[in-house]
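Some notes on the structure that comes next.
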Amino acid sequence: MWESYLTGLFVCGGIIMAIGAQNAYVLGLAIRREHHWWSAGMCISADIVLLTAGMFGVSAVLLTMPSAMEALRWVGVVFLSYLAAMAFIRTATGRQGLKAAAEKSRSLVQVLLATLAVTVLNPQVYLDTLLLIPAIGAQQSSASTFVAGAATASVGWFSLLAWGGARLSPWLSRPRVWRSIDGLIGAMMAAVAIQLALGSAFLN
Numbered sequence: 002m003w004e005s006y007l008t009g010l011f012v013c014g015g016i017i018m019a020i021g022a023q024n025a026y027v028l029g030l031a032i033r034r035e036h037h038w039w040s041a042g043m044c045i046s047a048d049i050v051l052l053t054a055g056m057f058g059v060s061a062v063l064l065t066m067p068s069a070m071e072a073l074r075w076v077g078v079v080f081l082s083y084l085a086a087m088a089f090i091r092t093a094t095g096r097q098g099l100k101a102a103a104e105k106s107r108s109l110v111q112v113l114l115a116t117l118a119v120t121v122l123n124p125q126v127y128l129d130t131l132l133l134i135p136a137i138g139a140q141q142s143s144a145s146t147f148v149a150g151a152a153t154a155s156v157g158w159f160s161l162l163a164w165g166g167a168r169l170s171p172w173l174s175r176p177r178v179w180r181s182i183d184g185l186i187g188a189m190m191a192a193v194a195i196q197l198a199l200g201s202a203f204l205n
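Residue numbers (the numbering used here): 2 to 205.
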């Protein structure tokens, strides 16, 4: 049983940490202290729901809808490209851009909707949580324990992003450092968008 838990914890933890769009978005919110714990909670909830669904057969249904996945892929490309562009604009405007953004702080609902969009509009999330991870889980002695391990990894990782980003916010929000972080976030978002546009996510 513990072997299944540890497999879910470490293997799924590595996969979750590799989903750059979610990580970059939550970290950006944490640095600005903009409803970051709510956003992290949304990501955790989505992971648990998708992982559980994948282990109980949704992956088989997903494979029968290639046209839906294709449409979702292009919506994801557009949305992630938009997020990348916004990050690059913040990189260019620097501290003044941050002050302007602070004056127009988004509501909790807006942040949650954006977090949900970053999650559900990235087909890689479905490939990982509904296909790849269940394939690994099916080889374990206890599916429920495996999912518990995977859920623990998600809780730990997104909590670390939310806490760490907010904790280091005074240092990370310095103009030069923030520009570098925004540039990195923009690059990550753009890389995911390009990967989706080229269809390489479906070839892994």
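Ideal Cβ positions, reconstructed from N, Cα and C, are used throughout, including at glycine.
Between isoleucine 32 and glycine 166, the C-beta gap is smaller than 8 Å, which places the two residues in contact.
Excluding its 5 nearest sequence neighbours in each direction, threonine 92 has C-beta neighbours in its own chain below 6 Å: Arg180, Asp183, Gly184, listed in chain order. Judged by beta-carbon spacing, tryptophan 38 lies beyond the 8 Å limit of leucine 109, meaning their Cβ atoms are not closer than that value. If only uninterrupted alpha helix (DSSP H) runs of at least 4 residues are considered, those enclosed by the segment 84-171 are 96-104, 109-121, 124-127, 134-138, 144-168. Secondary structure of methionine 56 (DSSP, three-state): helix.
The beta carbon of valine 178 lies closer than 7 Å to those of Trp172 in the same chain, with the five residues before and after it left out. Under the three-state reduction of DSSP output, glutamate 35 falls in the coil class, being neither helix nor strand.
In the structure shown, arginine 180 falls within a helical segment according to DSSP collapsed to helix, strand and coil. Annotated as proximal: phenylalanine 147 and glycine 9, with beta-carbon spacing under 8 Å. Between alanine 88 and isoleucine 186 a beta carbon distance of about 5 Å is seen, short of the 8 Å cut, so the two are scored as contacting.
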